[in-house]
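Engineer: Counting in the numbering used here, the sequence shown runs without a single skipped number right up to 205 at its last residue.
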Amino acid sequence: MKNKHVRIGTRGSQLALYQAEKVKEAIKNEHPHWDVEIKIIKTKGDKILDVALSKIGDKGLFTKELEVELFSKSIDIAVHSLKDLPTR
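1. Express the C-alpha separation of residue 158 and residue 192 in angstroms, rounding to a whole number.
2. What I want to know is whether the C-beta of residue 187 ends up closer than 8 Å to one or more non-hydrogen atoms of the ligand MG.
3. Anyone know if the C-beta pair for residue 160 and residue 141 falls short of 9 Å?
4. Using a Cβ-Cβ cutoff of less than 8 Å, which residues in the same chain neighbour residue 138 once the five nearest sequence positions on both sides are dropped?
5. For residue 195, collect the residues of the same chain with a Cβ closer than 6 Å to its Cβ; drop the 5 residues on either side in sequence, then sort them by chain order.
6. May I have the straight-line CA-CA distance separating residue 143 from residue 129, to the nearest angstrom?
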């Protein structure tokens, strides 16, 4: 039987990596034979360092790239903080 490979996409921040590790642990606890990988994805919010994020005002500064990777099947799961999701 072929082992499943799960790719978790997340930002490289300390909080994002902590959360992704917790998700990885939960998956491994339920499926110890699965190969689970964490893939760090740089978002627009991570790349813009010379302008205050409040001045950009763009929705999804920390989530858009994760969504693109998820929809293109480059990752299987996207892990990020609720605070980074755009609100209505």
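The beta-carbon is built from N, C-alpha and C at its ideal position, and this holds for glycine as well.
Structural biologist: The answer reads as follows:
1. 10 Å
2. With respect to small molecules bound, the structure shown includes none, and the ligand MG cannot be examined in it.
3. no
4. 155
5. 126, 183, 187
6. 20 Å
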